[in-house]
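Novice:
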Amino acid sequence: MGDVLILGDMKEGSLDTRTLELVGVGRRLAKERGGDLCVLLLGDEPGGGAAEAASYGPAKVYSVAHPLLKGFQPEFWLKALEQVCAQVKPGVFLMSHSYKGMELGPRLACRLGARLTTDCIDLAVDPQDGLLLRTKPVSGGNAISVFKCPGDPQMATVRGKVFEPAAAAEAKGEIVEIAVELDASMARVASLEVVKEEVVALDKADVVVAGGAGLGEEDGFEVLEDLRKALSKSFGNVMIGCSRVAVDKGWISSDHQVGLTGTMISPDIYVAVGISGAIQHLVGMVHSKKIIAINTDAGCNMFKVADYGVVEDFDKIIPALVEKLEGL
Amino acid sequence: MKEMRIIVCAKQIPDPEAPLSDVRVDAENKEVIVDAPQVISPFDENALEAALRITEDLGGTITVLSLGKKVSDTVLRKALAAGADELILLQDDAFDKLDSYSVAQALADAIRKIGDYDLILTGRQAGDWDSGQVGLLLGEILGIPSISLAREISVEEGSVVVKKSTPEGYERVKAALPALVTVSNEVGELRYISRTRMLKMLKGAGSIPSWSTQELGTPSDALNKMCIVELSSPPDMRRNCQFLEGATPDEVAGKLAAVLKSLQ
Chain A
1072 MGDVLILGDM KEGSLDTRTL ELVGVGRRLA KERGGDLCVL LLGDEPGGGA
1122 AEAASYGPAK VYSVAHPLLK GFQPEFWLKA LEQVCAQVKP GVFLMSHSYK
1172 GMELGPRLAC RLGARLTTDC IDLAVDPQDG LLLRTKPVSG GNAISVFKCP
1222 GDPQMATVRG KVFEPAAAAE AKGEIVEIAV ELDASMARVA SLEVVKEEVV
1272 ALDKADVVVA GGAGLGEEDG FEVLEDLRKA LSKSFGNVMI GCSRVAVDKG
1322 WISSDHQVGL TGTMISPDIY VAVGISGAIQ HLVGMVHSKK IIAINTDAGC
1372 NMFKVADYGV VEDFDKIIPA LVEKLEGL
Chain B
18 MKEMRIIVCA KQIPDPEAPL SDVRVDAENK EVIVDAPQVI SPFDENALEA
68 ALRITEDLGG TITVLSLGKK VSDTVLRKAL AAGADELILL QDDAFDKLDS
118 YSVAQALADA IRKIGDYDLI LTGRQAGDWD SGQVGLLLGE ILGIPSISLA
168 REISVEEGSV VVKKSTPEGY ERVKAALPAL VTVSNEVGEL RYISRTRMLK
218 MLKGAGSIPS WSTQELGTPS DALNKMCIVE LSSPPDMRRN CQFLEGATPD
268 EVAGKLAAVL KSLQ
């Protein structure tokens, strides 16, 4: 029947939270299917992560070390994954719907002749045929679909922060080292430079002041910045967010983008300014504790999900608001 | 240098910006019913914009491919109005509700039929099923290098150089042509198309070629449908909005400040 294999990932030398979430859901699926849970780690030095993964009690931790697996060149990772799958023959293979998983998932599925479902928020085993039932939001979040696909292994990428991270177990897993054959000629895409930028960590904000198309121009974000500063005096971590349109228009960088393909957040307060509320945006902020919407269109979606609404031009209301906040 | 030939894959979907009230789930028939006009999927528009910028710099031609059970040429003619040179619709009843792999397979057949190309651009994911697979699968099926999540694309001396978004910033990567690149919205929105230009294109006499599985040589039993076991509505996200009103913006701002103070 084949075991449940999950692809783990490391951050600053230790396992990331997404991996622990995968261990949690993977363990349940292994039980439902009647097989073992195994963890796979790839890298130039995956040893530390492998030892850590073993403490969560999988049957096995496959550790694949190779100098070419340093960083993330998808073609090396894919070749390594192909070789591991040929040897391990997993029945289910799960990855996180992360930067790596989004790239590796479809490409590996194609190479293995399997079918992948991306960004799943629930997984179960159909007792009839043992196939995975893959639950995924579709249509930007307007509907929830349960898919079933043929093929072996059963593959899915899993959305972050949906499943509980696994707790450490008493039984230690066995660490198995797998050798892979890689050479530099396998990469047809060459990395020229990797650049770290200062990116905002929107998911750490207490309050987000977000702008969209309704700002009309880039300068609108300066008005929002005034509000951000004013709120910072009483609300801790206040950050600027935006809709996809604002990024498309080149007004602001994409690390500020909230929504399905940006960051999914649930701050204490979300102030939506000039954002009409496309569904793909709403799914990224609708779990905010309080939502305040400012928009000239009283009929827009954002007011339907808001707690407080102001139907007015932001350019009139925000400077006045900043003044009031400073007076309080 | 020979002329650049770019293929852009663009999907027609119901407008993802539609108001919530215009969307409902038909659980029985497992369909999302959207009472909104059809548009080109937003990330595919970003891909078209990226293609237009390349051909503006280097010359060359852009062919737009769109696949579906039925594709409206009035929706896709927008691509021609924006500056694409050629539009080919891939239409067949057999293309209804295909899984990602089968879509990629049919697109690959169409691209092999076109034959000569340097660069294929697709959106990073479509705004209806949000699967994010077709582009990368297409690259695999055609056996060409693929690069995902592009925020900037340039072509130089037979290679494509892409700035791709990463969680910590970006990476610059390079691949020899032909190659496939999936495009993210950082590339920028599709350029403005004047009303007169749009109308002219809609009235355009030229008929748009349409290929079915027969023309593509895709055996229809090679294509698989998505298997949806169940389709349901998400939890209701609506709240009761309390509108703050007043005679002047100043008065409303005062009320809003009081609300914020109460949330502190």
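If you read the sequences in order, they're chains A and B.
Counting with the numbering used here, you get residues 1072 to 1399 for the letters of the first sequence.
Counting with the numbering used here, you get residues 18 to 281 for the letters of the second sequence.
We put the CB at the ideal spot given by N, CA and C, even for glycine.
(1) For K1243 of chain A and R208 of chain B, what's the separation of their Cα atoms in angstroms?
(2) Rounding to the nearest angstrom, what Cα-Cα distance links T1228 of chain A and S1216 of chain A in this structure?
(3) Using DSSP with H/G/I as helix, E/B as strand and the rest coil, what is N257 of chain B?
(4) Write down every uninterrupted run of the alpha helix (DSSP H) in the stretch 1126 to 1187 of chain A whose length is 4 residues or greater and which is fully enclosed by it, in chain order.
(5) According to DSSP, is Q1199 of chain A part of a helix, a strand, or is it coil?
(6) With a threshold of 7 Å between beta-carbons, can S1262 of chain A be considered close to chain B, or not?
(7) Would you mind sorting S1256 of chain A into buried or exposed? The rule is 16 or more other CB atoms within 10 Å of its CB.
(8) Can P162 of chain B and V1260 of chain A be called in contact, C-beta distance under 7 Å?
(9) How about E157 of chain B and C1181 of chain A: do their beta carbons lie closer than 7 Å?
(10) Taking C-beta pairs closer than 7 Å, name the residues in chain B that R1315 of chain A reaches, listed in chain order.
(11) Only counting the same chain, and skipping five residues up and downstream in sequence, which positions put a Cβ closer than 7 Å to that of L194 of chain B?
(12) By the DSSP assignment, the beta strand (DSSP E) with T183 of chain B in it spans what residues?
(13) If I follow the unbroken alpha helix (DSSP H) through G1222 of chain A, where does it start and stop?
(14) When every heavy atom of the ligand MG is checked, does at least one fall within less than 6 Å of the C-beta of G1291 of chain A?
(15) Report yes if the C-beta distance between I1363 of chain A and Y1379 of chain A is below 7 Å; otherwise report no.
(16) If you run the structure through DSSP and keep just helix, strand and coil, what is Y134 of chain B?
(17) Does the distance from the CB of V40 of chain B to the CB of N1366 of chain A come in under 7 Å?
(18) By the 7 Å beta-carbon criterion, what residues does the stretch 40 to 61 of chain B contribute toward chain A?
(19) Step through the CB atoms of chain B and report whether any lies within less than 7 Å of the CB of I1346 of chain A.
(20) For L1086 of chain A versus G1114 of chain A, is the C-beta spacing smaller than 7 Å?
(21) Find the residues of chain B that neighbour V1309 of chain A, judging by a C-beta separation of less than 9 Å, and give them in chain order.
(22) Among the residues of its own chain, which have a CB less than 7 Å from the CB of V1316 of chain A, if the five just before and after it don't count?
(23) By the 10 Å Cβ neighbour count, where 16 or more other Cβ atoms means buried, how is T1206 of chain A classified, buried or exposed?
(24) Thinking A1101 of chain A and L1112 of chain A are a contact (beta carbons under 8 Å), I'd like their distance in whole angstroms, please.
(25) Kindly say whether S1210 of chain A, judged by its beta-carbon, lies nearer than 7 Å to any beta-carbon of chain B.
(26) Give me, in chain order, the residues of the same chain whose beta-carbon lies closer than 8 Å to that of F1234 of chain A; leave out the 5 immediate sequence neighbours on both sides.
(27) Taking C-alpha atoms, which residue in A:T1188, A:P1338, A:D1197, A:L1286 lies nearest to L1165 of chain A?
(28) What three-state label does DSSP hand Y187 of chain B in the structure shown?
(29) Go ahead and label G1348 of chain A buried or exposed: buried means 16 or more other beta carbons lie within 10 angstroms of its beta carbon, across all protein chains shown.
(30) Specify, as a first and last residue, the run of the beta strand (DSSP E) that S1262 of chain A falls within.
(31) Identify the contact partners of G149 of chain B in chain A, using a Cβ-Cβ distance below 8 Å as the criterion.
(32) To the nearest angstrom, how far is the alpha carbon of K1387 of chain A from that of H1137 of chain A?
(33) Name, please, each residue of chain A whose Cβ falls closer than 7 Å to the Cβ of I170 of chain B.
(34) Helix, strand or coil, according to DSSP, for V88 of chain B in the structure here?
(35) With 7 Å set as the bound, which would you pick, yes or no: does the beta-carbon of M21 of chain B sit closer than that to a beta-carbon of chain A?
(36) If distances are taken between C-alpha atoms only, which option among B:S227, B:P251, B:A239 comes closest to G85 of chain B?
Specialist: Result, derived from the coordinates:
(1) 57 Å
(2) 15 Å
(3) coil
(4) 1145 to 1159, 1170 to 1183
(5) coil
(6) yes
(7) exposed
(8) yes
(9) yes
(10) N202
(11) D135, L136, G175, S176, V177
(12) 176 to 183
(13) Per DSSP, G1222 of chain A belongs to no alpha helix (DSSP H) and is neither H nor E.
(14) Within the structure as shown, the ligand MG is missing, as the structure has no ligands at all.
(15) yes
(16) coil
(17) no
(18) V40, V42, V49
(19) no
(20) no
(21) By Cβ distance, chain B contributes nothing, its closest Cβ being about 11 Å from V1309 of chain A, past 9 Å.
(22) G1283, A1284
(23) buried
(24) Between L1112 of chain A and A1101 of chain A the Cβ distance is about 18 Å, and since that is not below 8 Å, they are no contact.
(25) yes
(26) E1092, L1093, G1095, V1096
(27) A:T1188
(28) strand
(29) buried
(30) 1260 to 1267
(31) M1173, P1177, T1189, D1190
(32) 59 Å
(33) Chain A residues near I170 of chain B: none, gap ~13 Å exceeds 7 Å.
(34) coil
(35) no
(36) B:S227
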